[in-house]
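Trainee: Would you mind keeping the following structure in view while I ask a few things?
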Amino acid sequence: MRTNRTVLATALVAVMLMAGCNRDAETPPAGAGIDTPPDAAEPAAPVVEPPEPAMDETVTDETVAPEEAAPFDVATVAVSDTALGEWPYVTAPDGYAFESARTLDLSQVPFWTGQVLQPVEGKVFEARIRAVGEKSHSRFEVLKRFDQALTELGAQKITTSEIPDDVIRDQLPKDFGVEFNAGAGGYYRGQEVSTYVLRRSDRVVWYKIYSDGSDGSVLIAESEDVPVTSS
24 MRTNRTVLAT ALVAVMLMAG CNRDAETPPA GAGIDTPPDA AEPAAPVVEP PEPAMDETVT
84 DETVAPEEAA PFDVATVAVS DTALGEWPYV TAPDGYAFES ARTLDLSQVP FWTGQVLQPV
144 EGKVFEARIR AVGEKSHSRF EVLKRFDQAL TELGAQKITT SEIPDDVIRD QLPKDFGVEF
204 NAGAGGYYRG QEVSTYVLRR SDRVVWYKIY SDGSDGSVLI AESEDVPVTS S
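So the sequence shown is residues 24 to 254, counted in my numbering.
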């Protein structure tokens, strides 16, 4: 009986040893059988876009308007006491004559100051300038003779320049060239005009002189508004 138990025990131990060996053979060592690339790259880090600059959300209710040109200060012109003679105080140069001349006892016309078309109210004279007889019109001669005459009266030239298109469009009175057809030369695109101011103790006289290669014109306004002495 004891021999049978011994044989049975030995057999059980043998079975257990065989089972253990089978399990060891079936279980691969750690990492065995896994196909891992030798130099597998690590996952790339996500790209972080730089933040966009913050927009200026400041809102202003006020719109800055362009600065408007100031009117010409006639008080800056020296007072002249030179004898004037008869209205309009100038005549056409020798060899030239005023044509289509007229005087309005009261009207308002603009004068180019180099900055704005400044309206002047008062007595107004306008005329064309034409060469007489066989004489040929000279733009240079007409402008020079009027400059000499007005300087002798004590007038001051404040500009010789073209009037910009936007000024003509925005500031020239409607139908000005129709109403003052004889004296409107210089108030059109591409034309150069000269403006003079003659200041007296009791009045201010404005002169517009224009001349091109074929004729010219004058526009004169006398205002009795006495300017305040400039500081």
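We put the CB at the ideal spot given by N, CA and C, even for glycine.
Going by C-alpha distance, which of Leu140, Thr126, Tyr119, Thr114 is nearest Tyr211?
Mentor: Cα-wise, what sits closest to Tyr211 is Leu140.
Trainee: When the Cα of Trp110 is compared with those of Thr126, Phe203, Glu122, Ala101, which residue comes out closest?
Mentor: Closest option to Trp110, Cα to Cα, is Thr126.
Trainee: When you compare the CB positions of Glu13 and Asp225, do they come within less than 8 Å of one another, or not?
Mentor: Outside the modelled stretch of the chain, which goes from 24 to 254, sits residue 13, for which no answer is possible.
Trainee: Pick from Tyr119, Ile181, Asp193: whose alpha carbon is nearest that of Val100?
Mentor: Checking every option, the nearest Cα to that of Val100 belongs to Ile181.
Trainee: Tell me the DSSP bridge mates of Gly156?
Mentor: Paired residues: none, contrary to the question.
Trainee: May I have the straight-line CA-CA distance separating Trp229 from Glu157, to the nearest angstrom?
Mentor: When rounded, the distance between both Cα atoms is 32 Å.
Trainee: Report the option in Val165, Leu176, Gln138 whose CA atom is closest to the CA atom of Ser240.
Mentor: It is Val165 whose Cα lies nearest to the Cα of Ser240.
Trainee: Tell me the DSSP bridge mates of Glu247?
Mentor: None; Glu247 has no bridge partner.
Trainee: Please report the Cβ distance between Gly209 and Lys231, rounded to the nearest whole angstrom; I am assuming they are in contact, meaning their Cβ atoms lie under 8 Å.
Mentor: That belief holds up - the Cβ atoms of Gly209 and Lys231 are roughly 6 Å apart, short of 8 Å.
Trainee: Would you call Ala106 buried or exposed, if buried means 16 or more other Cβ atoms sit within 10 Å of its Cβ?
Mentor: Burial call: exposed.
Trainee: Can you list, in chain order, the residues of its chain whose CB lies under 6 Å from that of Trp135, leaving out five sequence neighbours each side?
Mentor: Excluding residues within five positions, the ones whose Cβ falls inside 6 Å are Ile186, Val216, Thr218.
Trainee: Taking DSSP as the reference, what is the three-state secondary structure of Ala106?
Mentor: Looking at Ala106 - three-state DSSP - the assignment turns out to be coil, as it is neither helix nor strand.
Trainee: Under DSSP, the alpha helix (DSSP H) around Lys167 begins and ends at which residues?
Mentor: Its alpha helix (DSSP H) spans residues 162-176.
Trainee: Closest to Gln131 by CA distance: which of Asp238, Pro196, Arg222, Ala205 is it?
Mentor: Closest by alpha carbon: Pro196.
Trainee: What's the C-alpha gap between Gly108 and Asp238?
Mentor: Going from the Cα of Gly108 to the Cα of Asp238 covers about 25 Å.
Trainee: Measuring straight from C-alpha to C-alpha, what distance separates His160 and Arg192?
Mentor: Looking at the two C-alpha atoms, the distance is approximately 30 Å.
Trainee: Which parts of the stretch 209-236 are runs of the beta strand (DSSP E), unbroken and 3 residues or longer, counting only runs that do not cross its ends?
Mentor: If we require 3 residues or more, the beta strand (DSSP E) runs fully inside the stretch 209-236 come out as 215-222, 227-234.
Trainee: Between Phe121 and Ala154, is the Cβ-Cβ spacing less than 8 Å?
Mentor: No, these two residues do not count as a Cβ contact at 8 Å.
Trainee: Roughly how many angstroms separate the alpha carbons of Ile243 and Tyr233, rounded to a whole number?
Mentor: Going by the C-alpha atoms only, they are around 12 Å apart.
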